[in-house]
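Shown next, in structure tokens, is the structure this report addresses.
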Amino acid sequence: SGAVIFMIRYFIKQFLLENNLLDIYDRFVVTRSDHFYGCPHDLSLLDPRYLWVPVGEDYRYGITDRHLVANKAQILPALSILDPVIRYPDKYSSKSFNRLINPELLIKKRWQQER
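So for the sequence shown, this note's numbering puts the first residue at 9; every next one is plus one.
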């Protein structure tokens, strides 16, 4: 369910902050437990200035939550999907998107706002 993935992201964000992991690591990989990434994962090939999702996990109407690679400046905004939704619910209603909203569309919208 969409609500579950956003709560898991919230808990990951809290864990990173409480354990000062942003001071220890430069890059973060967040993967759902049901996602199998069947290729070598050489982070040195991924420009650290960008947030990365595998090819095919982004599409016209959204970005899936299965797998992402982010640097330490991007990880908290990438995980902070629900924060503004709770603060400004009208801004994130289906009406404001001119279509039914799903978790993938919300992720895409929030990441675009963080640019």
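In this text, a Cβ means the ideal position worked out from N, Cα and C, and glycines have one as well.
Member of the options whose CA lies at the smallest distance from the CA of residue i
i, options, result
"ALA3", "VAL63, TYR45, ARG74", "With the chain running from 9 to 123 in the structure shown, residue 3 is simply not present."
"ASP91", "ASN27, ASN28, LEU59, GLU122", "GLU122"
"ALA78", "ARG68, GLN22, PHE36", "PHE36"
"ILE13", "GLN120, TRP119, ILE115", "ILE115"
Run of the alpha helix (DSSP H) containing residue i, from where it starts to where it stops
i, result
"ALA86", "83 to 87"
"PRO111", "111 to 121"
Beta-carbon spacing of residue i, residue j below 8 Å
i, j, result
"LYS21", "SER88", "yes"
"ILE83", "GLU112", "no"
"LEU76", "VAL61", "yes"
"LEU30", "TRP119", "no"
N- and C-terminal bounds of the beta strand (DSSP E) containing residue i
i, result
"LEU76", "75 to 79"
"VAL93", "VAL93 -> not in any beta strand (DSSP E); alpha helix (DSSP H) instead, spanning 90 to 95."
"ARG35", "35 to 39"
8 Å contact criterion, which residue i and residue j should meet: CB distance rounded
i, j, result
"LYS80", "ASP34", "6 Å"
Cβ neighbours of residue i in the same chain (closer than 6 Å, five flanking residues each side left out)
i, result
"ARG40", "ARG74"
Contact set for residue i: own chain, Cβ-Cβ below 8 Å, skip 5 residues either direction
i, result
"GLU65", "ILE71, THR72, ARG74, HIS75"
Nonlocal neighbours in the same chain, by C-beta distance under 7 Å from residue i, ignoring five residues either side
i, result
"TYR69", "GLU112, LEU113"
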